[in-house]
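Numbering (my numbering), first residue to last: -15 to 245. Every residue, glycine too, gets a C-beta built ideally from N, C-alpha and C. To start, the structure itself, in structure tokens.
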């Protein structure tokens, strides 16, 4: 379904045509917004320019993703002084080239959407990689995995759950709207178009699946450990009985030998 979004926001009118004609070269400069959770939003740059900037940012990267894991979303945009800012069919309409706060507002929502896309894919991959475990348990009643392998899998699932909790913090309303409350309706409209709230709900449901699997693995690990301890106790008791039998037999033998002498 295609959605058209209009947001209540007050804009300053464009300069008269003669003035705007002389300033358009200055106003139509490319822009970039860098977010501390690893997302960059470019406006009006060529692919070569974007790649060059990303290359310059590499020394400051932490936990760099593989190229195959990098998520990208593209939108077209144009300026129209007679329309409120909106997004329609992945095309963004802006009123004034120099209003960077509007671009920052839209960039916040787009950056959050990109970050969510990354975690959606990671969650899907994790579920696909582990969905065989419940099936194997249902068929065999146990998991043919070593204790070390199960512990590693628990660690991976736990890290994934922590990361999803972190992305939930990223999706909070940015602090800029505390000082610029008039921009929040535009931000909310872009979030609505990108279906971020619905995607967050679905992401949480998938995290519940991972949490259930995590608990199941913990229970299986504890159960296996308990069974292992039970067998150790059984063997210790058996050894104690064996030692007692041998000791009693030797004592009886020595006693019988002494009587004969």
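Problem set entry | Minimum C-alpha distance to residue 43 - residue among 145, 22 and 76 | By one-based count along the chain shown, residue 43 stands at place 59. When each option's Cα is compared against that of residue 43, the closest is 22.
Exercise. Looking at C-beta atoms only, is the number of pairs between the segment 23 to 30 and the segment 85 to 99 that lie closer than 8 Å three or more?
Worked result: yes
For this session: Measure the CB-CB distance between residue 84 and residue 15 and report whether it falls below 8 Å.
Result: Numbered from its first residue, the chain shown carries residue 84 at position 100. Numbered from its first residue, the chain shown carries residue 15 at position 31. Taking 8 Å as the Cβ cut-off, residue 84 and residue 15 qualify as a contacting pair.
Exercise. In whole angstroms, what separates the C-alpha of residue 125 from that of residue 113?
Worked result: In the chain shown, counting from the first residue as 1, residue 125 sits at position 141. In the chain shown, counting from the first residue as 1, residue 113 sits at position 129. Computed Cα separation, rounded: 19 Å.
Problem set entry | Backbone CA spacing between residue 102 and residue 54 [nearest angstrom] | Here residue 102 corresponds to residue number 118 of the chain shown, with the count starting at 1. Here residue 54 corresponds to residue number 70 of the chain shown, with the count starting at 1. For residue 102 and residue 54, the distance between alpha carbons rounds to 8 Å.
For this session: Give every residue of the same chain whose Cβ lies closer than 7 Å to the Cβ of residue 178, excluding the five residues on either side of it in the sequence, and list them in chain order.
Result: On the chain shown, residue 178 is found 194 positions in, with the first residue counted as 1. The answer, listed in chain order, is 93 and 97.
For this session: Could you tell me the distance, in whole angstroms, from the CA atom of residue 80 to the CA atom of residue 176?
Result: By one-based count along the chain shown, residue 80 stands at place 96. By one-based count along the chain shown, residue 176 stands at place 192. Rounded to whole angstroms, residue 80 and residue 176 show a C-alpha spacing of 23 Å.
Exercise. What's the call for residue 110, buried or exposed, on a 16-neighbour Cβ count within 10 Å?
Worked result: Position 126 of the chain shown holds residue 110. By the neighbour-count rule (16 or more Cβ atoms within 10 Å), residue 110 is buried.
Exercise. Straight-line CA distance for residue 195 to residue 142?
Worked result: Here residue 195 refers to the residue found at position 211 when the chain shown is read from its first residue. Here residue 142 refers to the residue found at position 158 when the chain shown is read from its first residue. Cα to Cα, the separation comes out at about 8 Å.
Exercise. Below 8 Å between beta carbons: does that hold for residue 35 and residue 134?
Worked result: Residue numbering aside, residue 35 sits at position 51 when the chain shown is read from its first letter. Residue numbering aside, residue 134 sits at position 150 when the chain shown is read from its first letter. Result no, Cβ atoms of residue 35 and residue 134 do not sit closer than 8 Å.
Exercise. How many Å lie between residue 52 and residue 12 at the Cα?
Worked result: Looking up residue 52 in the chain shown gives position 68. Looking up residue 12 in the chain shown gives position 28. Each residue's alpha carbon lies about 32 Å from the other.
Exercise. Where does the unbroken alpha helix (DSSP H) through residue 161 begin, and where does it stop?
Worked result: As a working mapping, residue 161 is identified with position 177 in the chain shown. Segment 160 to 163, the alpha helix (DSSP H) holding residue 161.
Problem set entry | Segments of 4+ residues assigned as alpha helix (DSSP H) that fall wholly inside the segment 136 to 182 | 160 to 163 and 168 to 177
For this session: Examine chain D for any beta-carbon lying closer than 8 Å to the beta-carbon of residue 201, and answer yes or no.
Result: Checking the listed chains, one finds no chain D in this structure; it contains a single protein chain.
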